[in-house]
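Protein chains in written order, with my numbering: chain L, 30 to 435; chain F, 30 to 435; chain S, 30 to 435; chain Z, 30 to 435.
Only one structure is covered here, and it is reproduced in the block below.
There are 4 protein chains.
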Amino acid sequence: MAKQEVKKIVLAYSGGLDTSIILKWLKNEYGCEVITFSADLGQGDELAPIREKAFATGADKVYIDDLKEEFVRDFVYPMFRANAIYEGHYLLGTSIARPLIAKRQMEIAKIEGADAVSHGATGKGNDQVRFELGYYHFNPAITVIAPWRDWKLNSRQALVNYAKKNDIPIPVTKKRPWSSDRNLLHISFEGAILEDTWAEAPENMYVLTKAPEKAPNKPQYVEIEFKNGNAVAVDGEKMSPAQLLAHLNFIGGEHGIGRVDLLENRSVGMKSRGVYETPGGTILREAHMAVEQITMDREVMHLRDSLVPRYAEMVYNGYWFSPEREMLQALIDESQKTVNGVARVKLYKGHCRTVGRKSETDSLFNLDFATFEKDQVYNQKDAEGFIKLNSLRLRIRSLQAAAKKK
Amino acid sequence: MAKQEVKKIVLAYSGGLDTSIILKWLKNEYGCEVITFSADLGQGDELAPIREKAFATGADKVYIDDLKEEFVRDFVYPMFRANAIYEGHYLLGTSIARPLIAKRQMEIAKIEGADAVSHGATGKGNDQVRFELGYYHFNPAITVIAPWRDWKLNSRQALVNYAKKNDIPIPVTKKRPWSSDRNLLHISFEGAILEDTWAEAPENMYVLTKAPEKAPNKPQYVEIEFKNGNAVAVDGEKMSPAQLLAHLNFIGGEHGIGRVDLLENRSVGMKSRGVYETPGGTILREAHMAVEQITMDREVMHLRDSLVPRYAEMVYNGYWFSPEREMLQALIDESQKTVNGVARVKLYKGHCRTVGRKSETDSLFNLDFATFEKDQVYNQKDAEGFIKLNSLRLRIRSLQAAAKKK
Amino acid sequence: MAKQEVKKIVLAYSGGLDTSIILKWLKNEYGCEVITFSADLGQGDELAPIREKAFATGADKVYIDDLKEEFVRDFVYPMFRANAIYEGHYLLGTSIARPLIAKRQMEIAKIEGADAVSHGATGKGNDQVRFELGYYHFNPAITVIAPWRDWKLNSRQALVNYAKKNDIPIPVTKKRPWSSDRNLLHISFEGAILEDTWAEAPENMYVLTKAPEKAPNKPQYVEIEFKNGNAVAVDGEKMSPAQLLAHLNFIGGEHGIGRVDLLENRSVGMKSRGVYETPGGTILREAHMAVEQITMDREVMHLRDSLVPRYAEMVYNGYWFSPEREMLQALIDESQKTVNGVARVKLYKGHCRTVGRKSETDSLFNLDFATFEKDQVYNQKDAEGFIKLNSLRLRIRSLQAAAKKK
Amino acid sequence: MAKQEVKKIVLAYSGGLDTSIILKWLKNEYGCEVITFSADLGQGDELAPIREKAFATGADKVYIDDLKEEFVRDFVYPMFRANAIYEGHYLLGTSIARPLIAKRQMEIAKIEGADAVSHGATGKGNDQVRFELGYYHFNPAITVIAPWRDWKLNSRQALVNYAKKNDIPIPVTKKRPWSSDRNLLHISFEGAILEDTWAEAPENMYVLTKAPEKAPNKPQYVEIEFKNGNAVAVDGEKMSPAQLLAHLNFIGGEHGIGRVDLLENRSVGMKSRGVYETPGGTILREAHMAVEQITMDREVMHLRDSLVPRYAEMVYNGYWFSPEREMLQALIDESQKTVNGVARVKLYKGHCRTVGRKSETDSLFNLDFATFEKDQVYNQKDAEGFIKLNSLRLRIRSLQAAAKKK
């Protein structure tokens, strides 16, 4: 679609320098109506000033929506039912937020009759993919404007010049030498000094977690209750999904839990270092696995485990709204029907560890075998036949190998 | 094979009460020659007194072998090349030792012309399977004697009575109320008080690790170098596999690293709680993954990751000497050719965490693209086509879904 | 359970010599009430004489149930939604019937208050496993009597002698030198002359299919309609599941379709040769895949395909009533929601082949892209970026490899 | 790279109208040296006239290479060791040829000091991806010219006009209304009338196979011998890989074997119908699986089978020269060490079917268990313990479910 044909754009707008410049640039280049949309996903910033800022920079209309409960209930929780983790370390805090932003942005585009959407993600990262796959899911014919891939403002100085020229205020606080993304599930850091993969990330980077060295000297125990694989209560207190995650973030942060330093593979093909703080999510995953330990069948668990890397890859690569993710989710959710119980997790100095788990309704451990005679459930003699038949193909193989040598 | 036909037995002998009773029982029941075999896998016990003890209890011949280097080099290392972990937590310390014991026991059986082998594993556990699958691999026609599945001594009291009647000394030190297994990779605990899955394991149970609360207040950094996926040096000092693992065990133990509490699924079908200390192994796995981060291709990693649960299952279930494990090992080893580099890991109060990684020879991160023009390797514009085509099937699906609704 | 404690047995009874001997043997050995159960799964035998025969041989009560519709609807169809095939060739005709027999047998046991069940499967085969896993699913405390594993009648002559001694009539028709199992999905053959794996199975073995050489010289085309992955009509005519399968069996049989000769791996560990005729099932699977071709998303299909071997293994090994099969079924069924359309298959001389497919509601092929501008759905230029980014990691790897060589 | 900077181009040249126009267009647009490269992969065309034609159309240098043996030995055979099949039907005949063409083309580029390569694949298909991933593997900095994505000649008429204007002879034979690609493994058809997915492909389209209706009325039996998973002899006669495949093509073609009609998913995201003739390959795959039946371990086979869809996807999508394909090949090749034996396959009227298999060196079927006592290898009693323990988790689950209901 040629620029002059675009009639109305919905922009995912954070209020920062970059999306402010984008807002102005869209107005300048497209000369059409631009609506900004800002989602409250628990990033902790004040969203109130955003409205004024957006209008000041040229927005024709402003949407600010609190999506925290939807975020945790419909995005974070399904993903945690799957124990999703990317490349063994990353809990997908940014990946899982993008589809929701795209979803709401497209709802607004529909309401407003917009024919284009825009975002501030660069052309080298994962987020552009996640946004745009989401956009196209909701409207395959939408026009997507990705300024970072289009414009000439390819240096920091060019951006600053453009901002000055267009009366966009430049924050006086010196930008920290990395970029970050925050929501209720995590905060991420990347870029700049982190590109030295050998150097430890500086302590002053961390936002959500105390340094383990400064965490309390006394461990804390937390009990988390799950229903159908979803956390519903902490230490006996029922909470909504967003409340619960916020609560675990606070506790986990105090104990310095959930820091991860990962050199990961982006969907666009290069490696990139990310540092993450996911205090609540780290506790939640450990607790969820603990309840699975006592309630989940072995073969269900092992088969499911073999599919987790693929599930995580789908989320990371932006395929949340895809038939393959939905198909895998059906399997995951089937596996969670019995995941009802309580985990007890010990938090201490940067680490959390399961120390107990129970399930009143679905424990598969040590049932009262009252309906059985002694040895009817498990007769040690049975093990002999079990081993004999399990070894049969191996014994035949050894016989065959021996015969071959002769 | 009827008892009277057995001519010579090789018994895996630890020198403890149980295998002492078994030794005597074999002599009594089978009336044939019994050879004991004890392996030094780094369990930390003095093996010297075992010889005398075995002869005193009726052994006709005694083998005591130091298998530590073979254990780490040929069993632990291949398994760590695969990042094997069982049910997300267990590093397979006992599982990986059993095949080596079986291998050496069968070598001795061959040397000695024995027609039977015996072990002290119970009929409810995993170890019987691991031993016997190993035995049958080396000689499909061997007679296996598993006294726990055969005899009538099914209570502690019956055993004690049998010991007294047969002049087997009963240790005066009161047995701790759990059973354990130790080698260079780990120590495990199970049974007794651990069967209350909700109760935390007692602090006095732990052997290899200091309580995190008593670990040094200062973090320690350790640098581990890998060649083809195998750890070869720590903090710049080359070490043999067994030396290296012992060294990491010491360091990790000081920092309280590697404690795991897992309710796991046994191969014989029931759930069982295990508590584990794997200080060196925990550090090793983290470090190995760190070097993979910078040297391993994305698709190789993701495909490999999906196979790790299956690999771990094979080891756990005793299928070390099996064509399927060997086949998977071929894939794993192919993936490790480029895993050359150094990881920097921070140890602190019960936890270890990667803080840096580098590879002089195989880094896939941020290469010097000197042979390229600007933007030839990565042109941000390319991302548009990438996203457009990746979304094509999703867009068609949405179009189709919309058409269907009409 | 000791023999004298068994009070009432339900026996899966076919009316043949073997289960007749078992019926008598149970009466003789257990001296308790024995109820026979015979299921009509479309094996084509007259079941009417079975009642009389059973009573004559000592049955205390006789159940004969027509389970054909349940068989196809609740067992065959779910399995065909998964395209299940064992070791690339076997359509699981016997495997899928056993769970249903076990289910009904256990229902009868419950109705009748029986404390034991029995079957005529040998101790070397798969069927014992399939029956018994089914029994235990419905009642974990049931006593299972498997005469072939217990009795001394281990030769054909011993059986005949036992029959004569107990006035069991021995069929005058000479038994064909192989055993077979038949139902609405297939007939299988194994044993005897088939054990020469190099010799072709004799033409006179086949029951359901004409020899391809004697099939019509003119091809026949058949159109099969699917809804949610289930076949619902043939050549425009709606049919119940059992009717439809019977119809395809007839057509397929005329054209000599569905013969398979497979040396397969049994769940008990040895290899065994099976010859199968599955005329209707072979056509059904081909047609199902054809409709999937036009209605199923690529990633859904590829991920699903990677799980089919595991699904087939579960069915073959007897794990129909297991949480892992149910979990996988949830994924399969999710994938089938859009599998609506018609396949056109050509049948000729022993083979069937898709020649057309269409879907009015769910085609993902060549949609009318009227809502799009020209080139908006697919712009050839996009392929460049797609390839550039997909090759990025490969290019980096080649750069790295080149650098390493220097 | 700007057009004027390109110094020398190697073009994959078939001699047909399209690549002739491309050759001229490259000369016109780039004004630099253009070298043509034509590979003999067994497409059956005369390659001799190509040289003259290329020079006449403006080529500065001409390469014509016979790659048939390399094609079958190093590309087709490794792929057939994996039983690769795409979406259940396609034997990947075109997919596997592209990497070899790319390899040789890049060798020539290196020899000639060319800085660019070009091909005639369109921007909507798979082949562009396969070519270019290959090119980038061999030289990440190569300039790739894909005229179909670049030029304005987007209609048949535009091409014809361009040809006329540039004195390129237009074949008088009317082009058949579909495109095709042929090599020693297969011939493929797509486009035009095939886009009606419901209409049967016309009989006059087929090239390599007789219509099954016109195939001999007498079946033919063929015996194929495999060593390490590679076919080495047919009916007792040793042949080179290319000879063997050509021989099977002839035989298979006579019997009308290997026709496939598939609506498949392209790597670029849309569905596309392909019709294929793969006579020799179809026989080869069936025979290979037959020898695996008698020589391959069960768990090896099942695990391998779950990875075949992924392997096939790699080949289809053009990732032949990728670390993930090489990793999977290592697993496949490990699995093939014992695949030594002979298959007997019956060919008749469009279909081939295994009727026998044997292995003198590696049969796992029915070994002579002379070293065993009776019943030592397989004691039917063992099955009881096997079933009891395999059912344990299912029994516990049922107990738990029953308890929950109360």
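Beta carbons: idealized from backbone N, C-alpha and C, even for Gly.
Query: Tyr-407 (chain L), DSSP secondary structure in three states; Result: coil
Query: Beta-carbon gap between Leu-129 (chain F) and Phe-109 (chain F) smaller than 9 Å; Result: no
Query: Thr-400 (chain F) at chain S interface by Cβ criterion, 9 Å; Result: With a pLDDT of only 48 at Thr-400 (chain F), under the threshold of 50, the placement of this residue in the model should not be trusted; the figure read from the coordinates follows. With 9 Å as the cut-off, Thr-400 (chain F) counts as an interface residue toward chain S.
Query: Reduced DSSP category for Gln-249 (chain L) - H, G, I as helix; E, B as strand; rest coil; Result: strand
Query: Segment limits, alpha helix (DSSP H) that includes Tyr-348 (chain Z); Result: Segment: none, Tyr-348 (chain Z) is in no alpha helix (DSSP H) and carries neither H nor E.
Query: Nearest-angstrom Cα separation, counted from Val-158 (chain S) out to Thr-123 (chain S); Result: 12 Å
Query: CA nearest to the CA of Glu-293 (chain F), picked from F:Glu-306, F:Val-384, F:Gly-117; Result: F:Gly-117
Query: Residues that His-380 (chain L) bridges to, as DSSP identifies them; Result: L:Tyr-377
Query: Separation of Ala-319 (chain Z) from Met-325 (chain Z), as counted between CA atoms; Result: 10 Å
Query: Rounded distance between the beta-carbons of His-380 (chain S) and His-380 (chain Z), thought under 8 Å; Result: 4 Å
Query: Reference Asp-334 (chain F); option with closest CA among F:Val-297, F:Phe-350, F:Tyr-235, F:Leu-357; Result: F:Leu-357
Query: Which residues DSSP lists as bridging Gly-303 (chain S), in chain order; Result: S:Glu-219, S:Leu-291
Query: Under 7 Å from the C-beta of Asn-346 (chain F): neighbouring residues of chain S; Result: Those do not exist, as Asn-346 (chain F) stays about 14 Å from chain S at its closest Cβ, beyond 7 Å.
Query: Arg-110 (chain S), enclosing beta strand (DSSP E) - first and last residue; Result: Careful: Arg-110 (chain S) lies outside any beta strand (DSSP E), inside the alpha helix (DSSP H) at 106–110.
Query: Cβ-based neighbour list, Asp-69 (chain Z), same chain, cut-off 8 Å, excluding 5 preceding and 5 following; Result: Leu-76, Ile-93, Asp-94, Asp-95, Leu-96, Lys-97
Query: Inter-residue spacing [alpha-carbon to alpha-carbon] between Tyr-235 (chain F) and Gly-71 (chain F); Result: 17 Å
Query: Contact set between the region 365–393 of chain Z and chain L, restricted to residues whose Cβ is under 9 Å from the partner; Result: Thr-367, Thr-390, Asp-391, Ser-392, Leu-393
Query: Where Asp-179 (chain S) sits in the DSSP three-state scheme; Result: helix
Query: Cβ neighbours of Asn-259 (chain L) in the same chain (closer than 6 Å, five flanking residues each side left out); Result: Tyr-106
Query: Beta strand (DSSP E) segment containing Val-263 (chain F), residue limits; Result: 259–263
Query: Interface partners of Asp-326 (chain Z) on chain L, CB under 7 Å; Result: Arg-422, Arg-426
Query: Cross-chain neighbours of Val-329 (chain F) in chain Z, by beta carbon under 8 Å; Result: Pro-352, Glu-353, Met-356
Query: Continuous beta strand (DSSP E) assignments of at least 3 residues falling wholly in the region 145–190 of chain L; Result: 145–147, 172–174
Query: Residue burial classification, Arg-288 (chain L) (beta-carbon count within 10 angstroms, cutoff 16); Result: buried
Query: DSSP state of Ser-124 (chain L) mapped onto helix, strand, coil; Result: coil
Query: For Glu-266 (chain L), the residue or residues it bridges with in DSSP; Result: L:Val-263
Query: Ala-143 (chain S) versus Asp-290 (chain Z): straight-line alpha-carbon distance, rounded; Result: 54 Å
Query: Other residues of its chain near Asn-112 (chain S): CB distance less than 7 Å, five sequence neighbours each side excluded; Result: Arg-314, His-317, Met-318, Val-337
Query: For Ser-49 (chain L), the three-state DSSP class (helix, strand or coil); Result: helix
Query: Near-chain F residues of the region 285–300 of chain L - C-beta to any C-beta below 8 Å; Result: Arg-288, Val-289, Asp-290, Leu-291, Leu-292, Glu-293, Asn-294, Val-297, Gly-298, Met-299, Lys-300
Query: Simplified DSSP state of Lys-366 (chain F), which is helix, strand or coil; Result: coil
Query: Within chain Z, partners of Thr-226 (chain S) - CB distance below 7 Å; Result: Ile-323, Gly-385, Arg-386, Lys-387, Phe-394
Query: Proximity to Glu-136 (chain L) [Cα-Cα], best of L:Val-304, L:Ala-41, L:Gly-265; Result: L:Ala-41
Query: Alpha-carbon to alpha-carbon, Leu-274 (chain S) and Phe-415 (chain L); Result: 38 Å
Query: is_contact[Ala-431 (chain F), chain Z] using C-beta, thresh 9 Å; Result: no
Query: Rounded C-alpha distance that separates Ala-399 (chain S) from Leu-182 (chain L); Result: The pLDDT assigned to Ala-399 (chain S) is 49, lower than 50, so where the model puts this residue is not dependable; a value taken from the coordinates is nonetheless given after this. In a straight line, the C-alpha of Ala-399 (chain S) is about 36 Å away from that of Leu-182 (chain L).
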